[in-house]
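With numbering that gives the first Met the number 0, letter number 57 in the sequence shown gets 56, and the count goes up by one each step, no holes.
Beta carbons: idealized from backbone N, C-alpha and C, even for Gly.
One structure below.
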Amino acid sequence: MTRVNPLVPRGSSADRPFDVSITPENAGWRFSGLRVVRLPVGGRVRFPTGCDEMLVLPLSGGCDVACDDERLTLTGRRSVFSRVTDFAYLPRRTQVTLRAPNGGRFALPAARADRTLPFRYGPAEDVPVRLRGAGQASRQVNDFCAPDAFETDRLIAREVLTPGGNWSSYPPHKHDEQGDGESCLEEIYYFEVAASPAGGHGCGYQRVYGHPDRPIDVCAEVRSGDVVLIPYGWHGPSMAAPGYDLYHLNVMAGPGERRRLVRDDPAHGWVRGRWAAERIDSRLPLTSIREKRRA
0 MTRVNPLVPR GSSADRPFDV SITPENAGWR FSGLRVVRLP VGGRVRFPTG
50 CDEMLVLPLS GGCDVACDDE RLTLTGRRSV FSRVTDFAYL PRRTQVTLRA
100 PNGGRFALPA ARADRTLPFR YGPAEDVPVR LRGAGQASRQ VNDFCAPDAF
150 ETDRLIAREV LTPGGNWSSY PPHKHDEQGD GESCLEEIYY FEVAASPAGG
200 HGCGYQRVYG HPDRPIDVCA EVRSGDVVLI PYGWHGPSMA APGYDLYHLN
250 VMAGPGERRR LVRDDPAHGW VRGRWAAERI DSRLPLTSIR EKRRA
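Below, the structure written as C-alpha cells:
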C-alpha cells in the first residue's frame, strides 16, 4: 500500500533552487510531480526535464524560456488572482533555462512520460475558463492543460479559483481505480490564498478521506505555498474562508488513458441535483485573460 504524508507545509519539500519539489520518488507514487521556483529580478534557473514532461506556469511575473536551442517568452501575470496566464510545454530529456527580467514565481507541473512531444507555447486566449457548481459550491476552473484543451503524454493540470466562503472539489470525489467511469490519477493540490484588503494572510481548508482498506484522513488548514498529495481516496471540499479567495493548482497523471473521470462519494453526490435550481455565484469569473487593475 502506498504510504505518503499527504500534507506538505510550505517550505518542507524545498530543494534548492525550488521552494516546492514534489517528485514521484518523494511522494511515494509513480507519475505526478510539481516544482515551484522564485526568481529575483534578472534571476535565472537551469534544470533538465529528465524522464518528465513539464509545463512552465507563471504564478506571478513573466519569463523567457529556453528549451535546448528553442526560445519563447511568457507574458505571465501579476498574481494568480489577477489574470489567466499563458504557459509553455517542456518535452522530456531536454535542458531548460528560465530567466525572469522582472522577477517572479513559476510552477512546473510534471508527469513521467513515454512520448516526446514538441516544445510549444500555450496562449492565455486558448485557455478554457469554465464555471462549475452553483450557489456556495460555485467555482472557476481554468482548464489550461485538460485532455480536450492541450496535448500532453500523461499530464493533466488546471487552476481552480474559489470565491471567499465557497467550496470547491465538491461533492467529494475520487479517481483511484481504472474502470468504467473512473480514471486512476495521482493528484497534487498546490494552494495560494488572496490577501485581505488590509494585507492580512488568510487560509483555506482541505479534506481528504479514504476507504476502509486504504486509509487516509486529512482535514487541514492550508495557506499560500502549502501542498496536499492525494494518492487515493475521496477528496473535497476545498474550502475558502469568508473574505479570502482561494486558488489551487491541480496536477494529475496516471497509468491509463489520459482522461479525468471521477466518481462522486455516493453519500454526497445528490448535491449536484440541486444546482439546476441555484445560480452561479455572481462574483465569478474571478479572472479572465485581461489583467485586473490594482485596487
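Tell me the residue span of the alpha helix (DSSP H) that contains residue i.
| i | result |
| --- | --- |
| N25 | P23 to A26 |
Starting from residue i, trace the beta strand (DSSP E) in both directions and tell me its first and last residue.
| i | result |
| --- | --- |
| C62 | D51 to C66 |
| W233 | W233 to A239 |
| I215 | R213 to V221 |
| C183 | E181 to C183 |
| S31 | S31 to L38 |
| T286 | Unbroken run through T286: none, as it is neither H nor E. |
| I229 | V226 to I229 |
| T74 | E69 to R76 |
| P47 | G42 to P47 |
| E176 | D175 to G178 |
| R206 | G203 to H210 |
| Y169 | It is not in any beta strand (DSSP E) - Y169 carries neither H nor E in the DSSP assignment. |
| A193 | Run containing A193: none; DSSP gives neither H nor E here. |
| H247 | L245 to A252 |
Out of the options, point me to the one whose CA is closest to residue i's CA.
| i | options | result |
| --- | --- | --- |
| D212 | G232, E277 and G199 | G232 |
| A145 | R45, R77, Y188 and R129 | R129 |
| L184 | V227, V192, H174 and E191 | H174 |
| E181 | E256, N101 and L58 | E256 |
| T84 | L54, P39 and D14 | L54 |
| S281 | L248, G163, V250 and P265 | G163 |
| K291 | R82, N25 and R15 | R82 |
| Y246 | P122, I21 and W166 | W166 |
| S120 | G203, A136, P57 and R114 | Residue 120 is actually Tyr in this sequence, not Ser. Ranking G203, A136, P57 and R114 by Cα distance to Y120 puts P57 first. |
| F149 | R131, E176, F86 and A194 | F86 |
| M251 | R37, P23 and D179 | P23 |
| A240 | G199, R45 and S12 | G199 |
| G132 | I288, G268, A193 and S287 | G268 |
| S137 | I288, W274, L97 and R289 | W274 |
| R238 | S287, Q135, I215 and F30 | Contrary to the premise, residue 238 reads as Met rather than Arg in this sequence. When each option's Cα is compared against that of M238, the closest is Q135. |
| R15 | R37, G27 and F30 | R37 |
| F30 | P230, V270, I279 and P265 | P230 |
| R43 | G27, W28 and G61 | G61 |
| P8 | G27, P39, Y188 and R114 | Y188 |
| A193 | R271, D244 and R45 | D244 |
Consider the Cβ of residue i: report whether some Cβ of chain D lies at a distance smaller than 7 Å.
| i | result |
| --- | --- |
| R289 | The structure shown contains no chain D; it holds only a single protein chain. |
Got a sec? Which residues, its chain only, sit under 8 Å from residue i by beta carbon, not counting five neighbours each side?
| i | result |
| --- | --- |
| S59 | G75, R76, R77, S78, V79, G103 and R104 |
| D51 | G32, R91, A109, A110, R111 and A112 |
| V217 | P5, L6, Q205, R206, V207, Y208 and V227 |
| L116 | E52, Y88, P90, E150, T151 and D152 |
| S12 | V19, S20, I21, N25 and V226 |
| V270 | A136, Y169 and P170 |
Who are the near neighbours of residue i in its chain, counting only those whose CB is closer than 7 Å to its CB and skipping five residues on each side?
| i | result |
| --- | --- |
| G41 | P100 |
| G235 | S168, Y169, P170, P171, H172 and R206 |
| R157 | V140, N141, D142, F143, C144, A145 and N249 |
| G242 | G163, S195 and G201 |
| H210 | G232 |
| L283 | L130, S137, Q139 and P162 |
| D264 | P170, P171, H172 and W233 |
| E114 | Before going further, note that residue 114 is Arg rather than Glu in the sequence given. So the list reads D152, once near-sequence residues are dropped. |
Go through its chain and collect everything with a Cβ distance to residue i's Cβ below 6 Å, but skip five positions before and after it.
| i | result |
| --- | --- |
| L285 | Q139 and L160 |
| T93 | T48, C66 and D67 |
| V35 | D18, V19 and A106 |
| F190 | V221, D225 and H247 |
| Q177 | C183 and G255 |
| P122 | D85 |
| D63 | T72 and R98 |
| E277 | A133 and G134 |
| I288 | V83, A123 and E124 |
| G10 | none |
Let me check you understand the geometry: is the CB of residue i closer than 6 Å to at least one non-hydrogen atom of the ligand ZN?
| i | result |
| --- | --- |
| S237 | What this structure holds is no ligand at all, so the ligand ZN is not there to describe. |
Continuous beta strand (DSSP E) assignments of at least 3 residues falling wholly in the region 82-161: 86-89, 94-99, 103-111, 119-121, 128-131, 138-144 and 155-161
Three or more beta-carbon pairs under 8 Å between the region 215-228 and the region 259-273, yes or no? no
Should the region 62-71 be regarded as contacting the region 121-128, the criterion being three or more beta carbon pairs within less than 8 Å? no
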